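Read through the structure below, which is laid out as structure tokens, and then see the notes.
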Amino acid sequence: MTETARHDPLSRELIAFCIGAQEFCVDIMSVREIRGWTPATVLPKAPPFVRGVINLRGAVLPIVDLAARLGFAPPEPTVRHVIMVVQVDDRVVGLLVDAVSDILSVTDDAIQPTPDVASELARAFVRGVLAIEGRMISLIALDSVLPAFEPIAA
Amino acid sequence: MDAMAAIKQTFFQECEEQLAELEAGLLAIDNDAADPDTVNAVFRAVHSIKGGAGAFSLEALVAFAHVFETALDQLRTGTLSPTPEVLKVLLRAADLLADLVAAARDGGAVDAGRSDQLIAELDGLGGGAAAAAAPAAGGGGDMAGLVFQPVRVALDFGSDFGGEPEADAGPAERVFTIRFQPRPELYAKGNETALVLRELERLGRLAVACDLSGLPPLDELDPEGAYLAWTLELTTDKDEAAVREVFEFVEWDCDLAIEADGASAGAADIEALLAAVRAAADDPLLPELELPEPPLGERQAAAAAETAAAAPQSEAVAQPAKAAGRGDGGAPQTIRADLERVDRLIDLVGELVINQAMLSQRVLEAGHAPGSAVVIGLDELEQLTREIQDCVMAIRAQAVKSVFQRMPRLVREVAGLTGKQVRLITEGEGTEVDKTVIDRLTDPLTHMIRNAIDHGLEAPEARAAAGKPAEGLVRLSAMHRSGRIVIEVADDGAGINRAKVKALAASKGLIAADAALTDEEVDNLIFLPGFSTATEVSNISGRGVGMDVVKRSIQALGGRLSIASRPGKGSTFTLSLPLTLAVLDGMVVTVAGQTLVVPLTAIIETLQPKVADVHGLGGGARVIAVRDAFTPLVDIGRELGFRAAATDPLAAVAILVETEGGRRSALLVDTIQGQRQVVIKSLESNYGAVAGIAAATILGDGRVALILDVDAVIARAQADVATLDLVAAAG
Amino acid sequence: MSTTVLTVDDSRTMRDMLRLALAEAGYRVVQAEDGVHGLEVLAAETPRVIVTDINMPRLDGFGFIEQVRADQAYRGLPILVLTTESDAAKKERARRAGATGWIVKPFDPAKLIEAIRRVAA
């Protein structure tokens, strides 16, 4: 992993990860930790992108399958998959991804708007895209990825 | 936050405590249950609030507190008698004081008319005496002489005298000649001449002459006597009032004469005076006797300071120790603890329990024999952990008193609004329950009491017509019963009007018009969603909160709510709650490969279904015969969506449970793993509510297991069956 | 070596304010919640000055001062009384009980320090 030192006060640090062949990133400030996959306890009648819950040092952590959420085929998770533990407001949630790669340091103006060709689903969850060294990395809007907070109707 | 802001917070916290004491004390006096100190305690409560409010310049609060305090002072001196009418005014004054405190804290405002009216009423009690006394903040009239602000007067005496011209045209200097002779009492009270003189010196230039003529020979000297007199010359630009102020504390214990010369003495004059004074006082004894009193305190202070330096934490430690050591007789001694720390401790102990369970499991899996030293050691560890957990949970246990305390005021308000006369009796206030439960009790209890007064109790005329006393009774009680806390709200009103309830439920389609229901079933109709007997929404109970919401909020806590009613006699609501929301005794079961926990409190027994006992009812519903009663079977696997196909009862285990209203169901699970005490983990904080699931826990293998919400699952199952029924009937 | 002041007041708010004002002026502060507690702390701490409230449970200010003065060991120990009472009778009673001086509540920290300096070094 390359780490770029922060020179510019307007820059942000993003952590990049991949799902399938595509790359994504989120603001590193939201990421609490990174851990390997452990089998999750299924939640009854949960949306298909919620894998279940795991034990994170005594707290119950829901696992969101990011691939399924973004509309891709859900993976069969193995120990080589990664769970990114993220915090949005008061909620702590685990995101299931394939692998984590670099930490990028970018300025706000490096973030381009999402291209029109992107699918509906993608646009709902992607806040913008970055072009880094020939790679296109989509910036995920975390709050839209999490399951809705209302009690699930019977 | 800065120090003053922190103290302000402390002040408002303290106000809450004082207000609670105030109300409790006034109620005790009203009920003739007061002891001799109660009146003093009540006075002190308001006095304290006034004092703190003054420090933070909360004018409205100070003004009202002062009038209130005056009335209470009259009560404690016996000038005012504690008749019921008087107590009523005082209780309303206490309510207003509470509102003023809240307004001061939250930045709101209290209706001035209400304030003024209560002030007038309080005045009326004391025959107008309260109004006559001006608030202390304004300065009492007769003591003005002791607390004053020196007024600078610019006088120009410069041209009247020879001598050096004044450097500035400011207040001219005057000379005061002071004769000061202390009496023994002055020293006995801890005053010291040296300190007084030092204060005086701060005002200007001081010349001191000591008159030793009163000194007896050494062998006749009383060490506690006073034999010295001083003549002082003070040149100052301050006025006489400022000079007198220095002697403020000692005035009564000395002979004091202050003369102002009025004229500014030239520097040369002072020098001459000093020379004369020194000549007269030329005595070797003088320097030692300048300090008449050996400041014993100082030596002690120096010694104390040294020991203090060696034990810098002694003060901080001494306080909690003192607080602990102060306990009277049988009263439990308490210390203050940061709630966050206690919560953290409880979390840690919870994880300790989980860890210990995991360890036990792994040891067994590793093949250690049950009788081996390791396993025995782990059993002991489990006992210890359990004990620690019980002790730690007990720390957070609080008496329900803190919730019950808010009810008297609520009763007064609702009684006032509905025009009914109500008396509230509370019992079992000392019953303890975990803080997590206490916090969630207030709302349900508030609604139930409002309901009891608004709907349960009749108006005074109706009661009289029925031969009941005009004053209705609401009894609020708490007790421990079979490992839970049971709270009852009972009223002696008219009871549930069953005919009206049944008709209303039918009209809302909640029951069939001709349904045959037992009395108990009719009573329970009020808990159905969408039910309300108020034809128009009364502004008290009807704020969109029906008994169904109350019941659901109690069930969300793992509690139960039921009602018993007798026409003409009254109704009793019974609320039962687990003692803590943090820990649960449960039965661990497997359903479709998933591990679930069923709360033990709901479980009556477990059964192995036999062919002869299982019957179909149509529409997919099945029942099992348990000792001649047909009990509905609930297929947990299907209800939770873990499997699509129906579970075969013969290959499963049935858990007989009892739900609200005493109805029974049999839950079908695959296997039973055993009974455990589990630590409850919330699903809501990170995820949200899941239908049919109450919470989660972490088992010995480190995996998350879901805790079943028995009542919810059964309710859903019944709804599903009803749907199937209708479909079958239609089809 | 700083001077020790004992403050006796049943109000937590008042104790905090006294501590703040006194500590800022360099005094070492020990505290008690009422007259009985005050006697205990007095025995343990040997303060140079006492500042006490009047209205307190268990043993009020007057009682406390009388008890202190009754003990020869504490002769000459300065005791200042905190009072919101503009009542001359109360001040007189405090004086007769043996109070050295008084401070009016709500107190001005400067006046508090001044009063203490007037009775203690």
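Chains as they are written, first to last, in my numbering: chain Y, 6 to 159; chain P, 47 to 777; chain F, 166 to 286.
Beta carbons are placed, not taken as given, at the ideal position from N, Cα and C, and that holds for glycine.
If you're wondering where the values come from, they're calculated on a predicted model, not measured in any experiment.
Name the two residues that bound the continuous beta strand (DSSP E) containing N60(Y).
55-61
Does the segment 700-718 of chain P come into contact with the segment 616-627 of chain P, if we say contact requires no fewer than three beta-carbon pairs (one atom in each stretch) closer than 8 angstroms?
no
Which of the residues in the segment 244-268 of chain F, read from start to end, lie with their CB under 8 angstroms from any CB of chain P?
So the close ones are I244, T249, E250, S251, D252, A253, K256, R260, G263, A264, T265, G266, W267.
Given 8 angstroms as the limit, is there contact between the segment 742-759 of chain P and the segment 395-414 of chain P, that is, 3 or more CB pairs closer than that?
yes
Counterpart residues of L522(P) in DSSP-defined beta bridges:
T472(P), V535(P)
For the segment 28-52 of chain Y, which residues have a beta carbon sitting closer than 7 angstroms to at least one beta carbon of chain P?
T46, V47, L48, P49, K50
Answer yes if the segment 543-551 of chain P comes into contact with the segment 595-610 of chain P, meaning at least three C-beta pairs across the two stretches below 8 angstroms, and no otherwise.
no
State the DSSP-derived secondary structure class of M221(F), mapped to helix, strand or coil.
Residue state, collapsed to three classes: coil.
DSSP three-state call for A367(P): helix, strand or coil?
Residue placement at A367(P) is flagged as unreliable, the pLDDT there being 35, under the threshold of 50; the coordinate-derived value follows with that caveat. A367(P) falls in the helix class under three-state DSSP.
Count the other CB atoms, across all protein chains shown, that sit within 10 Å of the CB of K96(P); report buried if there are 16 or more and exposed otherwise.
Answer is buried; the Cβ neighbour count reaches 16.
Taking DSSP as the reference, what is the three-state secondary structure of V47(Y)?
coil
Short-range partners of chain F found in the segment 54-82 of chain P, where Cβ spacing is below 7 angstroms
T56, F57, E60
In or out: S143(Y) buried (at least 16 other Cβ within 10 Å) or exposed?
S143(Y) comes out buried.
Beta-carbon proximity of G502(P) to G616(P), cut-off 8 angstroms:
yes
Would you report the Cα separation of D236(F) and D425(P), rounded to the nearest angstrom?
Distance between the alpha carbons of D236(F) and D425(P) is about 60 angstroms.
Indicate whether at least one CB of chain Y lies closer than 8 angstroms to the CB of R749(P).
Cβ-Cβ to chain Y under 8 angstroms: yes for R749(P).
Examine chain P for any beta-carbon lying closer than 8 angstroms to the beta-carbon of T217(F), and answer yes or no.
So no, T217(F) is outside the interface.
Let me know the secondary structure DSSP gives H112(P) once reduced to three states.
helix
For Q435(P), count neighbouring C-beta atoms within 10 Å of its own C-beta (all shown protein chains included) and say buried if the count is 16 or more, exposed if not.
buried
Measuring only the C-alpha atoms, how far is P196(P) from E286(P)?
Residue placement at P196(P) cannot be trusted, given a pLDDT of 39 that sits under 50; the coordinates are not used to answer.
Tell me which residue opens and which closes the alpha helix (DSSP H) that H661(P) is part of.
Per DSSP, H661(P) belongs to no alpha helix (DSSP H); it is in the beta strand (DSSP E), 660-664.
With a cut-off of 8 angstroms, does the C-beta of I760(P) fall near any C-beta of chain Y?
no
Is there a C-beta anywhere in chain F that falls below 8 angstroms from the one on E105(P)?
no
Under 8 angstroms between C-beta atoms of L24(P) and A139(P):
In the structure as shown, chain P starts at 47 and stops at 777, and residue 24(P) therefore has no counterpart that could be examined.
Residue interval of the beta strand (DSSP E) (run including G632(P))
Per DSSP, the continuous beta strand (DSSP E) segment holding G632(P) begins and ends at 629-637.
State the CB to CB distance for the pair T43(Y) and A751(P), rounded to an integer number of angstroms; the pair is presumed to be in contact (CB under 8 angstroms).
No, T43(Y) and A751(P) are not in contact; Cβ-Cβ is about 14 angstroms, not under 8 angstroms.
What are the residues of the segment 385-413 of chain P that lie near chain Y, defined by any Cβ-Cβ distance shorter than 8 angstroms?
D393, G396, E397, I400
Assuming D107(Y) contacts A21(Y) (C-beta within less than 8 angstroms), just tell me the rounded distance between them.
5 angstroms
Mind checking if L187(F) is an interface residue toward chain P, Cβ cutoff 8 angstroms exclusive?
no
Nearest-angstrom Cβ-Cβ length linking F293(P) and L302(P), presumed shorter than 8 angstroms:
6 angstroms
Of the residues that make up the segment 589-608 of chain P, which ones have a beta carbon closer than 9 angstroms to any beta carbon in chain Y?
Listed by position along the chain: nothing, the set is empty.
Using the C-alpha atoms, what's the distance from E504(P) back to G541(P)?
So the alpha carbons of these two residues sit roughly 10 angstroms apart.
At least three beta-carbon pairs within less than 8 angstroms, the segment 641-659 of chain P to the segment 711-721 of chain P
Yes, the segment 641-659 of chain P is in contact with the segment 711-721 of chain P.
Could you give the uninterrupted runs of the alpha helix (DSSP H) lying entirely in the segment 658-743 of chain P, keeping only those of 4 residues or more?
682-685
Taking C-beta to C-beta, are L702(P) and L663(P) nearer than 8 angstroms?
Going by C-beta atoms, L702(P) is not nearer than 8 angstroms to L663(P).
Own chain, CB closer than 7 angstroms to V409(P), minus 5 neighbours either side, in chain order:
V420, V421, L424
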